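Here the sequence shown stands for residues 1 to 245, numbered as in UniProt numbering.
This report concerns only the one structure given below.
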Amino acid sequence: MASTSCASSKPPQILVLDPPTELKFRGPFTAEVTTHLKLRNPSARKVCFKVKSTSPRHYCVRPKNGVVEPGCTVTVAAMLQPFCYDPSREVKHKFMVQAVFAPPDTSNLQAVWKKANSGELMDSKLRCVFEMPRESDKQDEGLRLRKPAHLDKPRLASSTSLKPSRTTPLPVILLVIGAVFVGFFLGKFILCALELMSKSTRTSNNQPRNLHFLFLSDYFCYATGPRRRPALMNGKVKALGEKAK
Numbered sequence: 001m002a003s004t005s006c007a008s009s010k011p012p013q014i015l016v017l018d019p020p021t022e023l024k025f026r027g028p029f030t031a032e033v034t035t036h037l038k039l040r041n042p043s044a045r046k047v048c049f050k051v052k053s054t055s056p057r058h059y060c061v062r063p064k065n066g067v068v069e070p071g072c073t074v075t076v077a078a079m080l081q082p083f084c085y086d087p088s089r090e091v092k093h094k095f096m097v098q099a100v101f102a103p104p105d106t107s108n109l110q111a112v113w114k115k116a117n118s119g120e121l122m123d124s125k126l127r128c129v130f131e132m133p134r135e136s137d138k139q140d141e142g143l144r145l146r147k148p149a150h151l152d153k154p155r156l157a158s159s160t161s162l163k164p165s166r167t168t169p170l171p172v173i174l175l176v177i178g179a180v181f182v183g184f185f186l187g188k189f190i191l192c193a194l195e196l197m198s199k200s201t202r203t204s205n206n207q208p209r210n211l212h213f214l215f216l217s218d219y220f221c222y223a224t225g226p227r228r229r230p231a232l233m234n235g236k237v238k239a240l241g242e243k244a245k
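Okay, structure coming up:
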């Protein structure tokens, strides 16, 4: 009798819970699974809340406690940690939401809960339900995951087609043209020098060695001007030739 009178003396829950009685967790449970619980305060007073679990090592709750303003809603995330689920074994996990009307000062919620009387607490219990995905749901999920991959292909193709064609900048073209001209004149200079050296080797047995310098100076006149040797230069060559004789 005492227990029933104590239970009946508890005030009804002022917060509106969504979902009201069950928290559903959908597998597979090899990774963390999250479900949400909404707490709505329809009253004109602030309400402090606290969320507890019968298996705290299996769940991470955010936020665990707080204050719901009048006419507002707070969303609580319950995160089930990975575990080995056996469908044949019944798992009796439960959550409890406790609420109490907030005092004027709510800066220290821990002190608020310590001072709260048991007759002021409003409790609501929710049981945990574990659901494994069906085969049809797995197939639908696989199609949903594969569909964006197919949709991305034409998008990638269109994005590549819209890219502007890269043109060679003008300075690069000028550098290439300049390199071609430099190579042309440098090659011509090397060929002329080789030709001059071959001529000088053929005449080295009949003429003194200092004639090579005359041939080189004569070559520069030949390369930069018309193909006529100055008379003065020809005279020097003749004079040196006579001395050699």
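Yeah, the Cβ is synthetic: ideal placement off N, Cα and C, and Gly gets one too.
Please read these numbers as outputs of a predicted model, since none were measured by experiment.
- Here C128 is buried: its Cβ has 16 or more other Cβ atoms, across all protein chains shown, within 10 Å.
- Straight through space, the alpha carbons of R134 and G27 are spaced by roughly 10 angstroms.
- The beta carbons of A116 and F49 sit no closer together than 8 angstroms.
- Excluding five sequence positions before and after T34, the CB atoms of its chain that fall closer than 8 angstroms to its own CB belong to A77, A78, M79 and L80, given in chain order.
- Each residue's CA atom was taken as its position, placing K38 and R45 some 18 angstroms apart.
- Less than 8 angstroms divides the Cβ of V97 from the Cβ of L15.
- In terms of Cβ geometry, L126 and T30 do not form a close pair [threshold 8 angstroms].
- Only residues of its own chain outside the window of five on either side were considered, and among them G27 have a CB closer than 6 angstroms to the CB of M132, listed in chain order.
- Annotation: the continuous beta strand (DSSP E) that includes L126 extends over M122 to E131.
- Check the Cα spacing between S55 and each of F185, H93, E120 and V112: the tightest is with H93.
- In this structure S107 is exposed. Its beta-carbon is surrounded by fewer than 16 other beta-carbon atoms within 10 angstroms.
- Per the coordinates, the alpha-carbon of V67 lies some 9 angstroms from the alpha-carbon of F101.
- Put simply, the backbone Cα of S88 is about 37 angstroms away from that of T73.
- In the structure shown, G66 falls within a strand segment according to DSSP collapsed to helix, strand and coil.
- Taking a 10 Å sphere around the C-beta of V182, we find fewer than 16 other C-beta atoms and assign the residue as exposed.
- Taking C-beta separations shorter than 8 angstroms and ignoring five residues to either side along the sequence, the partners of H36 in its chain run T75, V76, A77 and A78, following chain order.
- Using a 10 angstroms sphere on the CB of S53, the tally of other CB atoms reaches 16 or more, which defines it as buried.
- Relative to L121, the option among M197, S198, R40 and V47 whose CA is nearest is V47.
- Between L109 and N65, the C-beta gap is smaller than 8 angstroms, which places the two residues in contact.
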